[in-house]
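Taking the numbering used here, the leading residue of the sequence shown gets 109, the next gets one more, and so forth.
We put the beta carbon where it would ideally sit given N, CA and C, even for glycine.
Heads up, the thing below is written out as structure tokens.
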Amino acid sequence: MPSVLRGGAALATVGVLALAGSSPVAASTTPTDALCEAARTQLLDDRPQRALDLVVAARRATGQPQLCYDEGADAGLAMRIASNALARASLEADEHLADWEFVRRNAEAALAADADTEEAQALLERAARHLDDDTPLDDAGREESGWAEFRDDTLEPLGRLLLSGLAIAAVLLLLARLLVLLWPAPVPRTSRAARVAAGSLAAVGLATSVASPLWLATASTTGLVVTGSVFLLTAGCVALLAATRLRLAVEASRADGVPDEAAAAAVVAALRELGAEPPRGTELPGGTDVRALAAAGITVGTARPRWLASLRTLLGLTPWQVTVHAHDPEEGDGLRVVVTRHGRAVGATVVSPAPLGPTGPTLDARTLAAAFVLHVVSRGYSSGFEPVAPVTDWLSLGWTVAAADLDDPAARRSLLGAAVDRDPGNLLAQVALRHERDRHTTDLRRLEGYVHWLGERARALGRGGRSLEPLRARLLLTATAVELDRQVLLHPPAKRARGAASEGDARTAPAPGGEREVAQRLAVELVRALNERDLDHGFAARLRPVAAVLTLAAFGAAARTAPSAQPLLDLDVFPDHLGLDRLQQRVLELARRWHAGVDRDPDARFVEACRLVELARPGSDRRLVTRALELLADEVQRPGGRERITRDPVLGPLAASGRFRKRHPAAPRSEMVELAPFSRHAEELLRLGLDTPSALWEATEDPATAAALADHLRVLPSTVRQLGEAAALAADVPEHLVAHRYEVFDALWECGVRSTDDLRALSPTVLAEAVKDAGHRRGLWYATEPDEDRLLLDWFVSHGATSLRVPAQRSGEADRSRSNRR
């Protein structure tokens, strides 16, 4: 601004002189003399820059380059003196420990030479502030003075720039959050490379926004456009990261509002089991096969300051927030679940542990809450949740998952049926329900329909993507196993053995080769599915041995025994060897390679035992049966393992044999509360010490004690009377069967016997057969000797058992037991 004023004054002076030169009044004074006199006046006022401006303007106006030569030279000399003095003062002022007296002198010299030097005036003021104290500064004082100068001259300006930059960055983050709210849902799951690239661009853009005040004030139009484009790109990258980010925090509180980290941890554990675990389960999924939450952070939320929660919401660090509130105890054991995403509520529900009413099964409310959260989260993304994507009702998904934890088959079927009724598109529920209904049936027509259904579903899943491959592999494995079981039921081993003996065949083919085309086709699809590179390695490693055994059984691979009693596969011998195409030969080569892992997987050992028993001719090939018994050693120890062996159409006859029971004897049950009529009240009976038949019977005989027991158990007096009669029946078992008392009682209970009075309505022979049949099914070696048979019959006769009526629910099993023993 001073230079502009000086230039304007010079031009005005030139204009005045020109007018004066043209006027007759000013004829005695020449324009040149007046101009030079004006410049000299400016020099006398210590304003050489103004004097020089006048001289330069006059020279341009008159075209005389030598006009006012002395005044121009003096002005230039004064300006150089002022410039040199200002330079010395500036250099000294920039030092850490400046000599402010030296700065003052040079600043004054600069002002004396050029009074218009603003920089010199500023330096003079700084020097005056530092020199206000007349006491000489020591080293510490100089350091403090230098720090104050550094703060005033450097930190404060940079701080103002930094605050401006942070304000710009905050505006960009706010813009990104607004873009997230406008982002279409469901959003696609981006790849790791895309997230890294977007994160890098966002980091660079935010750093640029913080530093942008350094150049925005002086930027050109092009620079402003480029900077604005960078800002928009940064906001877009941040919005992309926030919209596709998958991270959850779970908070829980009790009914009184107190945080409950244990409940939150339980929900997190259930959520990880449903959505973060690798695929598990041989024929049925052990969870949902969803792994999208494995890479996401699922944390237990803790109390944090409000400002920190607001910052996390602004930055989108944890977009998903799950809040679980427990009901008031008077309202039940349910939970209230609220799910928010980026601060907006996207789902809320009330979870009840008894969704089917008081007569239905009791479920884990936290598992249902985790299923609800998984369902809500899956609706926010277009990929990564394919196994549960078709599910439109979260209760259907929750019931499907909870059914796997129920021990009662009837309760499982009812819950799965309700899940399918609520959401017919829930494929997981459909698969589990069909497995419960048809997997172990002996109806050939139903088995054939089940195989066809499994094959159709597997082919439909072949177009569903990588996440559905584990479910497709299970469907093919189940279809192959069911088809092989159907062939066994269609051609029983004894019938095939008679046919083979009549034809003089040294080997026993499992079934005619032409009738195994369906099993062979399914086995080929199964092996190809498990050979996919994209399939989870651990899951494929577990299923491949099972698939290998099923494939060899489907193609009728023969076996021979070595001296070590280990069956060796002879893959060169097949009933239809000449008809194998190249694909089938490749599949069999893979099966032979995978067969080496049979001993490492319990399901593979079970299937291999089935195959070996099927290959063994009745009455011979004892080494194959011995090996099968060895493979079943672990299965009989697993919960429900004996029942699984007994139900199997191939292993059922082996389980009924004395050889199996001698090799794998079962320990009889030793607790009364394990039995059906007492298990519902097991906890209360154990607490009261009424856990033996005699103790419970005596307690129910006393009317006062029976009434108190009914109040304690919250049942009717008639129910207590029925418990007493059942206890009396268990206590009345003969002494020679006391070790198997509860097994005998359980067998009688299955026949409809509820008290000793009910024994007289049934045939003693049938009762004895039912007891022995129940023992055979559980692998128990008792009541088979003639003396024991006679004592058991005598006990039944002593209670008046003379009727020849056969119990309807047990007659078929008793007949099968007798035929198996024959």
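- Message: Quick test of the definition: if touching needs 3 or more C-beta pairs under 8 Å, does the segment 367 to 383 touch the segment 316 to 327?
- Response: Touching, no, given that fewer than three Cβ pairs across the two stretches are closer than 8 Å.
- Whole angstroms is fine: what's the gap from Ala236's alpha carbon to Leu290's? Distance between Ala236 and Leu290, taken at the CA atoms: about 59 Å.
- Residues near Asp644 by beta carbon distance below 7 Å, same chain, minus five either side: Cβ neighbours of Asp644 beyond the five flanking positions: Pro386, Pro387, Pro578.
- Item | Backbone CA spacing between Arg521 and Leu471 [nearest angstrom] | Cα to Cα, Arg521 sits roughly 14 Å from Leu471.
- Query: Roughly how far, in whole angstroms, is the beta-carbon of Val163 from the beta-carbon of Ala142, given that I think they are within contact range, below 8 Å?
  - Reply: Contact doesn't hold; Cβ gap of about 13 Å is too wide.
- Task: To the nearest angstrom, report how far apart Ala351 and Ala402 are at their CA atoms.
- Result: About 18 Å.
- Take Ala462 as the anchor and find which of Ala511, Phe493, Pro495 has the nearest alpha-carbon. If we check each option's Cα against that of Ala462, Ala511 comes out closest.
- Message: For Ala325, tell me which candidate among Leu269, Leu348, Ala568 has the shortest Cα-Cα distance.
- Response: For the residues Leu269, Leu348, Ala568, the minimum Cα distance to Ala325 belongs to Leu269.
- Query: What span of residues does the beta strand (DSSP E) with Thr431 cover, start to end?
  - Reply: DSSP places Thr431 inside the beta strand (DSSP E), whose first and last residues are 428 to 434.
- Could you pull the start and end residues of the beta strand (DSSP E) that Val408 belongs to? Counting along the chain, the unbroken beta strand (DSSP E) around Val408 starts and ends at 405 to 408.
- Secondary structure, alpha helix (DSSP H): runs of 4+ residues fully inside the segment 131 to 213: Whole alpha helix (DSSP H) segments, 4+ residues: 139 to 152, 156 to 170, 177 to 201.
- Query: Which whole-angstrom value describes the C-beta separation of Leu379 and Val481, a residue pair presumed to lie in contact below a C-beta threshold of 8 Å?
  - Reply: Cβ atoms of Leu379 and Val481 come within 8 Å of each other, at about 6 Å.
- Message: Tell me which residue opens and which closes the alpha helix (DSSP H) that Val375 is part of.
- Response: DSSP places Val375 in the uninterrupted alpha helix (DSSP H) bounded by 369 to 383.
- Task: Could you check the C-alpha separation between Ala764 and Val528 for me, to the nearest Å?
- Result: Separation of Ala764 and Val528 (C-alpha to C-alpha, rounded to the nearest whole angstrom) is 37 Å.
- Message: If distances are taken between C-alpha atoms only, which option among Ala784, Leu794, Val733, Ala540 comes closest to Gly766?
- Response: For the residues Ala784, Leu794, Val733, Ala540, the minimum Cα distance to Gly766 belongs to Val733.
- Task: For the segment 540 to 571, list the alpha helix (DSSP H) runs that are entirely contained and at least 4 residues long, ordered along the chain.
- Result: Qualifying alpha helix (DSSP H) stretches, in chain order: 552 to 569.
- Nearest-angstrom Cα distance between Leu783 and Ala712? Distance between the alpha carbons of Leu783 and Ala712: 32 Å.
- Task: Out of Leu175, Ser191, Gln172, state which residue places its alpha-carbon closest to the alpha-carbon of Pro156.
- Result: Minimum Cα distance to Pro156 is reached at Ser191.
- Exposure of Trp428, with buried meaning 16 or more beta-carbon neighbours within 10 Å: Looking at its Cβ environment, which holds 16 or more other Cβ atoms inside 10 Å, Trp428 is buried.
- Task: Please confirm whether Gln229 and Leu239 have their CB atoms less than 8 Å apart.
- Result: Not in contact: Gln229 and Leu239 (Cβ atoms no closer than 8 Å).
- Does DSSP classify Thr457 as helix, strand or coil? In the three-state reduction of the DSSP assignment, Thr457 falls in the strand class.
- Secondary structure at Glu640, three-state DSSP: helix, strand or coil? Coil.
- Are the CB atoms of Ala818 and Val828 nearer to each other than 8 Å? In this structure, the beta-carbon distance from Ala818 to Val828 falls below 8 Å.
- Query: Around the Cβ of Tyr558, are there at least 16 other Cβ atoms within 10 angstroms (buried) or fewer (exposed)?
  - Reply: Residue burial annotation: Tyr558 is buried, with at least 16 other C-beta atoms found within 10 angstroms of its C-beta.
- Item | First through last residue of the alpha helix (DSSP H) which encompasses Leu332 | Secondary structure note for Leu332: its alpha helix (DSSP H) is the uninterrupted segment 329 to 352.
- Query: Taking the alpha-carbon positions, what's the Glu722 to Ala790 distance?
  - Reply: Rounded to whole angstroms, Glu722 and Ala790 show a C-alpha spacing of 42 Å.
- Query: Where does Arg487 sit, in a helix, a strand or coil, going by DSSP?
  - Reply: Three-state DSSP puts Arg487 in coil, outside helix and strand.
- Round the Cβ separation of Ala221 and Ala201 to the nearest angstrom and send it over; I've been treating them as touching at under 8 Å. About 18 Å separates the beta carbon of Ala221 from that of Ala201, a gap too long to meet the 8 Å contact definition.
- Query: Got a sec, what are the start and stop residues for the beta strand (DSSP E) Ser361 sits in?
  - Reply: Unbroken beta strand (DSSP E) run through Ser361: 355 to 361.
- Message: I'd like the span of the beta strand (DSSP E) that includes Thr754, first residue to last.
- Response: It is not in any beta strand (DSSP E) - Thr754 instead sits in the alpha helix (DSSP H) that spans 749 to 755.
- The beta strand (DSSP E) enclosing Val445, as first and last residue numbers: Per DSSP, Val445 belongs to the beta strand (DSSP E) from 443 to 449.
- Query: DSSP state of Arg452, grouped into three classes?
  - Reply: Judged by DSSP in its simplified three-state form, Arg452 adopts strand.
- Query: Between Gly492, Arg285, Gly506, Ala627, which lies nearest to Gly395 when the distance is taken from Cα to Cα?
  - Reply: Closest by C-alpha distance to Gly395, out of Gly492, Arg285, Gly506, Ala627, is Gly506.
- Message: Which residue marks the beginning of the alpha helix (DSSP H) containing Arg399, and which one marks its end?
- Response: Annotation: Arg399 is outside any alpha helix (DSSP H) and is labelled neither H nor E by DSSP.
- Label Tyr177 either buried or exposed according to how many other C-beta atoms from any shown protein chain fall within 10 Å of its C-beta, with 16 as the threshold for buried. Label assigned to Tyr177: exposed.
- Task: Reducing DSSP to helix, strand and coil, say where Ser272 ends up.
- Result: Ser272: helix per DSSP, three-state reduction.
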